[in-house]
Amino acid sequence: MSPAVKYTLGRIGLFVVIGAVVYPFGLNLFVTLMIALVVSMPLSYFALRKWREQMAERIDGSVRRRKEEKQRLRAALSGDDENDK
């Protein structure tokens with residue numbers, strides 16, 4: 001499973017769990033959702049650190065590969081590519 005999918009599902013899961021914990025207190029639904037959102041954000045920062053770092057590494061690798069491919073294509077188009085001779 002992709003690190004981005006794991007991280008996103010983890011964030012949603014934390015939000016749902018915290019919402020389920022706060023819901024029995026009988027607060028307004030909007031207030032319950034806001035509490036769940038505000039509490040799940042910092043909690044996910046610490047609890048999901050490993051998945052967030054994996055996701056960032058995957059994104060960084062993709063960006064690096066795209067830049068290298070772009071540079072290679074630009075060099076080939078400008079005639080700097082010496083492999084054809």
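Residue 49 in the numbering used here sits at position 49 of the sequence shown, with consecutive numbering throughout. Built from N, CA and C at the ideal position, the CB exists for glycine as well.
* To do: Taking Lys6 as the reference, give the member of Glu68, Ser44, Arg66 with the closest Cα.
  => Taking the first residue of the sequence shown as position 1, residue 6 is located at position 6. Lys6 has its Cα closest to that of Ser44, out of Glu68, Ser44, Arg66.
* Asked: To which residues of the same chain is Gly19 closer than 7 Å at the C-beta, ignoring the five residues directly before and after it?
  -> As a position in the sequence shown, residue 19 is number 19, starting the count at 1. For Gly19, where only same-chain residues beyond five positions count, the Cβ hits under 7 Å are Thr32, Leu33, Ala36.
* Does the beta-carbon of Leu27 have 16 or more other beta-carbons within 10 angstroms, so that it is buried, or is it exposed? -> What you label residue 27 is simply residue 27 of the sequence shown in a count that begins at 1. Only exposed fits Leu27, as fewer than 16 other CB atoms lie within 10 angstroms of its CB.
* **C-alpha distance - Gln71 paired with Val39, whole-angstrom precision** => For the purposes of this step, residue 71 is taken as the residue at position 71 of the sequence shown. For the purposes of this step, residue 39 is taken as the residue at position 39 of the sequence shown. Looking at the two C-alpha atoms, the distance is approximately 44 Å.
* Asked: By how many angstroms is the C-alpha of Ser62 removed from the C-alpha of Ala4?
  -> Position 4 of the sequence shown, counting from 1, holds the residue named residue 4. Position 62 of the sequence shown, counting from 1, holds the residue named residue 62. Straight-line Cα distance between these residues: approximately 13 Å.
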